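For reference, the structure is listed below as structure tokens.
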Amino acid sequence: MADDIREELYEIRERNDREIQRLQVSVPDPVEREQRDAASVVTVRVAADGGVRDIRISHDWRNTVQDSELGGVILETIAQAQAAVAAEYAAALEEQESSPLPPARPAPIPPDDGDAGRGALASPEEAERVMAEVYAEAEAALADVERALDSFGRHTASARSSHGEVIVDINADGDISRFDLDPRWLARAHPANIGRLATETLHRAQTQIDVGLSELDAVVADMQATLSRVGNPYTLSRRLGIQP
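Under the numbering used here, the final residue of the sequence shown carries the number 392; numbering is consecutive throughout.
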């Protein structure tokens with residue numbers, strides 16, 4: 149019985165480790181994408197993560213679009229660039245998922261944390277109690293991630309330039325839900341200043357989203373550490389009174 153339990157623990161650990169390694173495999177090197185609208189009025193540069201790095205407006209843009217249309221052209225060009233980046237990322241993930249899983253890495257041997265067995269195999273009742281504790285810890289860690297995801301999903305980042313010339317709202321998924329250009333400012337602004345102020349305001353909103361993502365990443369990292377700890381076959385073997 150002890151051998152069967154030990155073998156099952158190791159199989160679970162190895163299967164989880166192989167899946168984790170697949171998730172940790174990096175996609176191809178980040179590549180920025182530059183996109184222009186059909187009339188070459190707007191040029192945007194988007195990073196591999198979809199963040200807007202630069203917006204440039206053609207010096208003769210007023211010959212092609214109306215003042216009231218410029219914001220829409222900027223948004224459409226950004227969306228096209230981000231869609232292209234997302235498509236490349238999805239293709240990389242699909243290729244990654246079609247490849248064989250890597251071999252499992254050796255399990256780390258944790259120090260004796262006081263839960264080691266004392267030479268006798270745990271009774272069915274004791275084994276049930278131990279596994280209930282393990283599942284409770286894992287479920288608590290997953291619940292923390294779910295709460296963090298829910299909180300982040302309702303977050304909207306907002307930014308405005310110093311005098312309200314540009315106002316930007318970005319949803320948690322990175323979509324720009326609002327991009328307003330003050331028509332009075334737009335009527336007299338130099339094209340270079342339009343692009344510069346639009347870029348700076350977008351960056352401020354994107355920074356707020358990035359901070360939220362960093363906090364979410366920390367919660368996910370804590371969850372992964374918890375699952376790795378409670379699911380370690382050496383630790384479980386000790387708690388169940390099985391010699392690893």
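For glycine and all other residues, C-beta sits at the position ideal for the given N, C-alpha and C.
Since we're looking at a predicted model, the values are computed, not measured.
Taking every protein chain shown into account, the CB of Arg336 has fewer than 16 other CB atoms within 10 angstroms, so this residue is exposed. Comparing alpha carbon positions, the residue from Ala240, Asn164, Arg204, Ala280 closest to Asn341 is Arg204.
In chain order, Thr374, Val378 place their CB closer than 7 Å to the CB of Glu285, counting only its own chain and leaving out the 5 sequence neighbours on each side. If you look at Asn319, you'll find it in the beta strand (DSSP E) that goes 314-319. Ala232 places its beta carbon 8 Å or farther from that of Arg193.
For Asp358, the enclosing alpha helix (DSSP H) starts and ends at 339-378. Per DSSP, the continuous beta strand (DSSP E) segment holding Leu329 begins and ends at 324-329.
Closest option to Asp197, judged by alpha-carbon separation, among His207, Ala229, Ala186, Gly219: Ala229. Distance from the CA of Phe327 to the CA of Ala369, rounded to the nearest whole angstrom, comes to 34 Å. Residue range 200-205 is occupied by the beta strand (DSSP E) that includes Arg204. Thr225 is classed as buried because its beta carbon has at least 16 other beta carbons within 10 Å across all chains shown. Classified as buried, Glu313 has 16 or more neighbouring CB atoms from the shown chains inside 10 Å of its CB. Judged by DSSP in its simplified three-state form, Gln183 adopts strand. Using a Cβ distance threshold of 8 Å, Thr212 and Val189 count as a contacting pair. Boundaries cannot be given for Ser188, as no beta strand (DSSP E) includes it and DSSP labels it neither H nor E. The C-alpha of Arg308 is placed about 15 Å away from the C-alpha of Pro331.
Each of Ile168, Ile315, Trp209, Asp215 was checked against the Cα of Leu350, and the nearest Cα belongs to Ile315. Annotated three-state conformation of Arg308 is strand, per DSSP. Rounded to whole angstroms, the separation of the alpha carbons of Gly360 and Ala187 is 36 Å. For Val367 against Val293, the beta-carbon gap comes to about 6 Å, under 8 Å, which counts as contact. Exposed is the label assigned to Leu290, since fewer than 16 other Cβ atoms lie within 10 Å of its Cβ.
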